[in-house]
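Structure, as structure tokens:
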Amino acid sequence: MEEFVVSDMGIIKPLRDRVRDLEVINSAHQKKNGQLRQEIQDKDKLIKELEEKINNPTKKMREQGEL
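In the numbering used here, the protein residues as written are 1048 to 1114.
The following block contains the structure:
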């Protein structure tokens, strides 16, 4: 029975290290995911503004002082 406990300890440390590595990877992934979501939102806003400018050019130009 004692050998089984010793071998378990040999497995636990690498597993703990792996869990720690996965937590770091997960954290980095969440940060990057947040950045990408923000970029998508910014691009969606720009697309909507450009679509509005295309569909209503005089209204947008007046708002921006171009007319």
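Even for Gly, the Cβ is constructed at its ideal location relative to N, Cα and C.
Where N1102 falls: helix, strand or coil (DSSP): Position 55 of the sequence shown, counting from 1, holds the residue named residue 1102. Here N1102 sits in helix by DSSP.
Using three-state DSSP, classify Q1077 as helix, strand or coil. For the purposes of this step, residue 1077 is identified with residue 30 of the sequence shown, where counting begins at 1. Annotated three-state conformation of Q1077 is helix, per DSSP.
Put G1057 into one of helix, strand or coil per three-state DSSP. Against the sequence shown, residue 1057 aligns to sequence position 10. G1057 falls in the helix class under three-state DSSP.
Own chain residues within Cβ distance below 8 Å of I1094, not counting five before or after: In the sequence shown, counting from the first residue as 1, residue 1094 sits at position 47. None.
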